[in-house]
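Here the structure comes first, spelled out in structure tokens, and everything after it is commentary.
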Amino acid sequence: MKTKLVKLITSLLVLLFVYAGLIKLFDHANFELQLAKSPFMLGMSSLVSWLLPLSELAVVGLLLFEKTRLIALYCSFFMMVLFTAYIIGILNFSYYIPCSCGGVLNSLGWNEHLIFNAFFVIISLIGIILQKRLNIEGLRPATPQFG
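Listed below in structure tokens is the structure:
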């Protein structure tokens with residue numbers, strides 16, 4: 041059961057990060073422009089516009105392999121917390137609210153996007169907990185050892 045749930049969580053995160061990373065790269069000019077309008081980027085939009093989608097795709101690569109899955113789940117959790125904090129900051133402290141996202145997720149408003157991100161924060165955390173348990177169980181001998 042734990043293994044299936046971790047695979048489901050991993051699959052959802054892979055879909056999210058492949059989609060998000062590729063959308064940002066395919067529409068890079070617009071993504072960089074929207075970042076430049078953000079009051080939180082302060083001259084970092086060019087760097088972030090490349091670093092973010094490449095990081096998302098790198099996490100996908102880590103999620104695909106069992107040996108690197110736990111670190112990838114931590115990275116996913118950290119990234120989703122940062123994205124969620126960014127949205128909270130935009131909604132509460134920004135005089136200008138830039139376009140929320142590209143692709144299909146563009147139809148979400150910022151509040152809906154916040155809920156969407158919170159869901160992925162939660163499943164990333166669940167994935168971390170379950171993967172750690174699976175890793176610990178994998179270290180135990182399969183049959184009892186006597187003497």
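If you count the sequence shown from 1, position 37 lands on 77 in the numbering used here, and the numbers rise without skipping.
Ideal Cβ placement from N, Cα and C applies to all residues, glycine included.
Bear in mind the structure is a predicted one, so any value in this text is a computation, not a measurement.
Residue range of the alpha helix (DSSP H) that ASN132 falls in?
As a position in the sequence shown, residue 132 is number 92, starting the count at 1. Run containing ASN132: 106-133, per the alpha helix (DSSP H) assignment.
Do LEU92 and LYS57 have their beta-carbon atoms positioned less than 8 Å apart in this structure?
Sequence index remark: in the sequence shown, residue 57 carries index 17 (1-based). Sequence index remark: in the sequence shown, residue 92 carries index 52 (1-based). Checking the sequence, you will find Phe at residue 57 rather than Lys. The answer is no: Cβ separation not under 8 Å.
Given 8 Å as the limit, is there contact between the stretch 94-113 and the stretch 71-82, that is, 3 or more CB pairs closer than that?
no
Relative to the C-alpha of ILE155, which residue among SER134, PHE133, VAL121, LEU174 is closest?
By 1-based counting over the sequence shown, the position of residue 155 is 115. Considering only alpha carbons, the answer is VAL121.
Where does the unbroken alpha helix (DSSP H) through PHE71 begin, and where does it stop?
Residue 71 sits at position 31 when you count from the first residue of the sequence shown. Start and end: 68-76.
Which value, in whole angstroms, describes the spacing of the CA atoms of PHE160 and PHE117?
Numbered from its first residue, the sequence shown carries residue 160 at position 120. Numbered from its first residue, the sequence shown carries residue 117 at position 77. So the alpha carbons of these two residues sit roughly 8 Å apart.
Assuming ILE127 and TRP150 are in contact, meaning their beta carbons sit under 8 Å apart, how far apart are those beta carbons, in whole angstroms?
To locate residue 127, count along the sequence shown from 1; it is residue 87. To locate residue 150, count along the sequence shown from 1; it is residue 110. About 6 Å separates the two Cβ atoms, so the contact holds.
Going by the beta-carbon positions, is the gap between MET119 and VAL99 smaller than 8 Å?
Here residue 119 corresponds to residue number 79 of the sequence shown, with the count starting at 1. Here residue 99 corresponds to residue number 59 of the sequence shown, with the count starting at 1. In this structure, VAL99 lies closer than 8 Å to MET119 by Cβ.
Once you ignore the five residues that flank PHE123 on each side, which residues in its own chain have a CB closer than 8 Å to its CB?
If you number the sequence shown from 1, residue 123 lands on position 83. ASN157.
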